[in-house]
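Asks:
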Amino acid sequence: MFSRVTKSVVPKVVHNRMLTVSIVRQTPKWMCYSTSATGERKTKRLIPKREEFASRHIGPRESDRDQMLAYLGYATLDEMIQKAVPQNIRLNRDLDLEECYDEHEVITRIRAIAEKNKIWRSFIGMGYYNCVVPHPIMRNVFENPGWTTQYTPYQPEIAQGRLEGLLNYQTMVTDLTGLPVANASLLDEGTAAAEAMGLCYRQNKRRKFFLSDKLHPQTISVVETRANSLGMQVVVGNVNTVDFANRDFSGVLFQYPDTEGTVQDFSEVVLKAHTNGTLVSCATDLLALTILRPPGEFDVDIAVGTSQRFGVPLGYGGPHAGFFACKTSLTRLMPGRMIGVTRDAYGKDAFRLALQTREQHIRRDKATSNICTAQALLANMSAMFAVYHGPSGLRKIADRVHKATAVLAKGLRDSGNSIENPIFFDTLKVNPAMASSEIRQRAKQKEINLRYYVDGSVGIALDETTTESDLDDLFWIFGGRTNLAKLENLIEDVDSLEGGIEKSEFQRTTSYLSHPVFNSHQSETRIVRYMKTLENKDLSLVHSMIPLGSCTMKLNSTTEMMPCSFRHFTDIHPFVPLDQTLGYRELFEQLEKDLCEITGYDKISFQPNSGAQGEYAGLRVIKSYLEAKGEGHRNVCLIPVSAHGTNPASAQMAGMKVEPINVKKDGSIDIKHLQAKIEKHKNELSCLMITYPSTNGVFEETVADVCQMIHDAGGQVYLDGANMNAQVGICRPGDYGSDVSHLNLHKTFCIPHGGGGPGMGPIGVKAHLSPFLPSHPVVNPLASMGKLSKSFGAVSAAPFGSSAILPISWAYIKMMGAKGLKRATQVAILNANYMAKRLENHYKILHTGLGGLVAHEFIIDVKDYKKTANIEAVDMAKRLMDYGFHAPTMSWPVPGSLMIEPTESEDKGELDRFCDALIYIRQEIAEIEDGRMDIGVNPLKMSPHTQQQVMRSDWNRPYSRELAAFPAPFVRHDTKIWPTVNRIDDIYGDKNLVCTCPPMESYQSPSVASEKVAAAN
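If you want it as C-alpha cells, here you go:
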C-alpha cells in the first residue's frame, strides 16, 4: 500500500542508478510530535504503522511460532526468554528507538541523508581514486545476493566459484607485483603494511622498523600503532639515507610511486638492506605497475597496497581489498587467507583455503595474524575488473591516466608553476605560482578537491575518470591559459613530455596477466556468463540456510543493500573536507545513537573494519586507559579456552600476555579457576575477554558476577560482540559490567558476509574509555574532543572504516524498530531451541543453560561416531552438501562437534528440513554401526557426490545413485544443489602449494568447454 501524501506535496523526481524515481514527501497528517524529558522532539503516529518489514525479516509465521513454542512447552516468547536469560541482567524495558519505518519510507529517508553529501571532483589521491565500476560487475557481483551472501569458503566443494575468483585475484597481484606468492586479500593498505612489519619481525626478531617519510600518512599511522603494541621502535625518515649497518632493523617500507607521486629507483636501498639482513617491503599501486617496473624485479621481499582502483567505489574509505604479496620463502609467515590449488578424490583440480594451520583458529595467540574477515567480495570485484579489461585494457587505462598527468605537468610548467616530481605516474606535487589561499578559492569555485601540504605546495592525483574538461579546470585553478584546443596538441605530442615513464629506466618490459582467464572475457556476453558460471558453483543464502554457529548468517534484505549503490555514498573520497560529508555525519550520529541504546555503551568508533580488527582496537583502548592511569604494567589478558581464536591472537597483537581460563563440563566459565588466575595476576591483570552468551551457546548466570570480579581486581571487561544477536532488546553488555565490545555488523546487524568479507567491527565503550578510541592523521574522528582525546592511534587506513556499508545496519535498525529487534532476538533463541529439541533424541546436545534451554545456537556432540562407525564431523559436513545444506561450524569450540545457529530469518519449514537432514544422516550412521553399510565405502565417507560422479557409467558402489544424490524427499531434481568437485584433498594441497591460476594448458573457459562438448556430440 502506498503511503498517504498530503495535497500540498509536489512530487520531486530524484534519479539514481538503483531507483529511477522516488517521491519526497512532507510529514503525513497522521503524524504528530511529542517532546521527551530531555527536550528531544520525537515523532508519533496517530494511526499505528504495521511492522511489515520485521514480519518479512523474521522467518517463522505467527502460527509457526505458536507451534514451536507449544512444542517446547511455552505459551509466549516472553515466557521462554524469562526462563532462558538470567533475571539480573534482563533489560525489562523497551529500547528507546525511533518508531520503525517501512521499506519505501526508509529508502526515501536514506536517500535524503545521502544527498546531503556533496560530490565534488576529488584529485586528492593518497591511495584512493575514482574509478569506473563496470556495470556488469556492479549488477552481477556487487548487487547480487548470490555473491554477497556466501560464507567464508571453509567448505570448498560448494565454494569453487568464489575460490576461483580469489585465485584470479592472487594471480593478478603476483603478476603485477612480480612476486611469486599473494594472499586472498587483507582489510586495506594500512593494515597490509602493518602486517608486513609483523612478518619482518617474525622472520628476524629485530625490534626496529624503518618507514619512509614518503608513505601515505595513514599508512605511517597504522604501522606506528601496531608497532607500539608489539614493543617495536619505528623510525620515520628519508629511506635513501638510512644506515642498515647495525643490523638492528627487521625491515624497511617505502612507497613506489610515493605519496607525493614521485617514481624513485630503490635498487640501492634494497641492496643495502639485504646486505645487512633487513627485509624490504614496498607499498605500491597495481594500476601503475601495468607500465612501471614491478617491485619483484628489484628484489623486494614484500609488496602491499590496495586494489580499490580496480573497479571498487571510493565509498568514503571502504570497503576495499588490500593486497599482500611476498617471496616464496616467506609464504608460511604470510598473514591472512590464501587460496591454493589441490585435487579432489578423483584427481580433478580443485581450489581450497590453504595453510589454515597458520591461522588464529588453530594457533590462537601464536597465529601469523588475527585476520578473520578479509575482503573477499571486493577482491572478487577487483579480480573481475582485471578479467573484464584484460592486460591490454588495463594498460590502456594506465596509459591514459599517465598521459593526462604528463599533459597536466606540461601545462602547469608553462603557466609558471614548478613540479617537484622528476618522474611520476598519476600524481604531481606542485609549487604554485600564486598563493595557496588563492588556489583553494579557485578550486572551491570549480568544486574540486586537491591535496594541500603544510608548506603551501599542492598535490594533484588523476585517475581513469579524468576528462579533458577536468584538465582544463585544473589549468585555470593554477592560473594557466591552456584550453581544450591546446590540450589536443599536447596529447598528440605526449611522448616528448617531461616526467614520463615511457623510454625511462622505470618502464615495464615484462608481460603480465597472460593466463587465458584474463584474455577470454572481454565481451559483455562472455564476462556475464563467466560470472554466472562461478556463482552457480557456490552455495549461498539464496539457496538454503547456512547454519554456522557464531557466524549468524541471517537475511541481508534488498532494501538494506540498495543504499550501498547510491552515488552520494559511493563517490566520496575519505579525505574530503567535513562540510562535504554532512550526510555521512548524520548517518554516523544516528547509527551511533541507536547502537549505544542497544548495547548500553556511551560512545562508538566505526573505524575497525572487521570483527578481529575491533577486538584489537578495543584491547588497545583498554591498554591506553590503563597507561593513562599509570598502570601500564597491567598486561595480562584472561581468555576462556572456548573463546574465538581471534581473541588470543588479537590480545597478542595488542601486546598482552594471554592466560587461558578453563570452562566446566556444562560449558560455563570455571569460576574457581578464574578466581585463582585473578589472584595470581592481580597486579598485572589488564582485562578479561569473554563472549556472551558463551561460545558454547548458553546464557551463563554468573556473567555479572564475573565482570564485578574483574573490576574489583582493577581490570577491564572486554565482551566479544559476536553473539550480540542473542541480546538485542533483552539485555545490554554495558549494563551488566562490560566496558568495551566490538559489534559484528556483518552478523547481528545484517551486513552480508560476501564470501569472507566485507565485515565491520565498530567498538562500543563506556564513557571512561571514550577518550582512547582510534584517531586518524588526516580526518580525526575524535577532533571534537580536543585536548581530552588520548587516542592510541589509527587501526585502519580510513577514518571511519568501511563507511559505504554502514547504511545497511542503519536501515535494518530503522525498519525493525525496538519491538522488531527484540522479537528477532526472541525468535533466534526460539529457533535454536526448537531445533535442539527436535534433535535431542538423535544426538547428544551439549551445554544447556537455564531451564534446559540454549541461547541462539547449540552444539551436538558427534565424536563418538568415530569409534562406532568410523564417521567424523567432517564426514557429516560433506554429506550435508548432498542434502543441499552448508555444514554447521565444525569441531569448534568443542572437538568432534557441530555448532548450529539457525538465526531468526529461517522459517519453520527450513528448520525442519535441516533437522530432517541430520536425522537421515544419523540413520545412515546407524546402518554402518549395525553392519548394514560398509564402514569404508558408504554415503558419508564418499560424500559429497557430484553430478558427474553419479552419472558415471561405471558406478559400482554398494549403495544406489539415488541414495547418493537424492537422500531425502525434499531433495528434488528441480532444487538440487550439486557440489562442483568431490571431496578435497587438503594434505596434498598443503604439501604441493600452488596459489596462482593453474598452467595455461589445463585451462578451459566455460564457453570453450561447452563448444568441445557440442563438437563431441
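Per UniProt numbering, the very first residue in the sequence shown carries number 1; after that it's consecutive. C-beta: ideal position from N, C-alpha, C; glycine also.
1) Do you know offhand how far D344's Cα is from L541's?
2) Rounded to a whole number of angstroms, what is the C-alpha to C-alpha distance between R41 and P807?
3) Mind listing, in chain order, the continuous alpha helix (DSSP H) runs of no fewer than 4 residues lying wholly within the stretch 978 to 1004?
4) Would you list, in sequence order, the uninterrupted alpha helix (DSSP H) runs of no fewer than 4 residues that lie entirely inside the stretch 796 to 833?
5) For Y843, collect the residues of the same chain with a Cβ closer than 6 angstroms to its Cβ; drop the 5 residues on either side in sequence, then sort them by chain order.
6) Looking at C-beta atoms only, is the number of pairs between the stretch 810 to 825 and the stretch 97 to 109 that lie closer than 8 angstroms three or more?
7) What is the rounded straight-line gap between the Cα of F323 and the Cα of T284?
8) Terminal residues of the continuous alpha helix (DSSP H) containing S221?
9) Does the beta-carbon of A435 have 16 or more other beta-carbons within 10 angstroms, so that it is buried, or is it exposed?
10) Report the option in A193, Y154, K593, N144 whose CA atom is closest to the CA atom of S796.
11) Taking DSSP as the reference, what is the three-state secondary structure of R121?
12) Got a sec: is the Cβ-Cβ distance from F606 to anything in chain D below 9 angstroms?
13) Mind listing, in chain order, the continuous beta strand (DSSP E) runs of no fewer than 3 residues lying wholly within the stretch 646 to 702?
14) Between which residues of its own chain and E524 is the CB-CB distance below 7 angstroms, once the five residues before and five after are set aside?
15) Counting only runs of 3+ residues fully inside the stretch 245 to 333, write out the beta strand (DSSP E) ranges in chain order.
16) Which term fits S624, buried or exposed, when burial requires 16 or more other beta carbons within 10 angstroms of its beta carbon?
17) Taking the Cβ atom as the reference point for each residue, do P799 and P781 lie within a distance shorter than 9 angstroms?
18) P733 and G715 - do their beta-carbons sit closer together than 9 angstroms?
19) In whole angstroms, what separates the C-alpha of P294 from that of F575?
20) For D705, count neighbouring Cβ atoms within 10 angstroms of its own Cβ and tell me buried if that reaches 16, exposed if not.
21) On the premise that I339 lies in contact with A354, defined as a C-beta separation below 8 angstroms, what is that separation, rounded to the nearest angstrom?
22) From I921 to V894, what distance separates their C-alpha atoms?
23) Just the C-alpha distance for P998 and N992, rounded to the nearest angstrom, thanks.
24) Quick one: residues in its chain with C-beta nearer than 6 angstroms to the C-beta of F385, no 5 flanking neighbours on either side, listed in chain order?
25) What's the gap between the Cα of G296 and the Cα of K664?
26) Let me check one thing: in DSSP terms, what residues is N449 bridge-paired to?
27) If you scan the UniProt domain "Glycine dehydrogenase C-terminal" (824 to 945) from start to end, which runs of the alpha helix (DSSP H) of 4 or more residues do you find wholly inside it?
28) For N240, which three-state DSSP category applies?
29) Going along the chain, which residues of its own chain have a beta-carbon closer than 6 angstroms to the beta-carbon of S943, five neighbours each way excluded?
30) Please work out which residues of its chain come closer than 7 angstroms, Cβ to Cβ, to T225, disregarding the five sequence neighbours upstream and downstream, and give them in chain order.
31) Taking Y169 as the reference, give the member of T427, G237, V387 with the closest Cα.
32) Going by beta carbon distance, what residues of the same chain come within less than 6 angstroms of I527, once the five residues before and after it are set aside?
33) How close, in whole Å, do the beta carbons of Y316 and S803 come, if the pair is a contact with beta carbons under 8 angstroms?
34) Considering only the alpha carbon of each residue, which of G231, S504, F424, D463 lies closest to R121?
35) To the nearest angstrom, report how far apart S809 and M760 are at their CA atoms.
36) Strictly by DSSP, which residues pair up with Y718?
Replies: This is what the structure holds:
1) 25 angstroms
2) Residue placement at R41 cannot be trusted, given a pLDDT of 49 that sits under 50; the coordinates are not used to answer.
3) 986 to 991
4) none
5) I860
6) yes
7) 10 angstroms
8) 217 to 229
9) exposed
10) A193
11) strand
12) Note that chain D does not occur in the displayed structure, where there is just one protein chain.
13) 657 to 661, 685 to 691
14) P136
15) 249 to 256, 279 to 284, 302 to 306, 322 to 326
16) buried
17) yes
18) no
19) 28 angstroms
20) exposed
21) 7 angstroms
22) 20 angstroms
23) 13 angstroms
24) F310, G311
25) 52 angstroms
26) S122
27) 865 to 869, 873 to 882, 908 to 929
28) coil
29) K878, R879, D882
30) F792, G793, A794, V795
31) V387
32) P136, Y388, H521
33) 4 angstroms
34) D463
35) 10 angstroms
36) M689, V740
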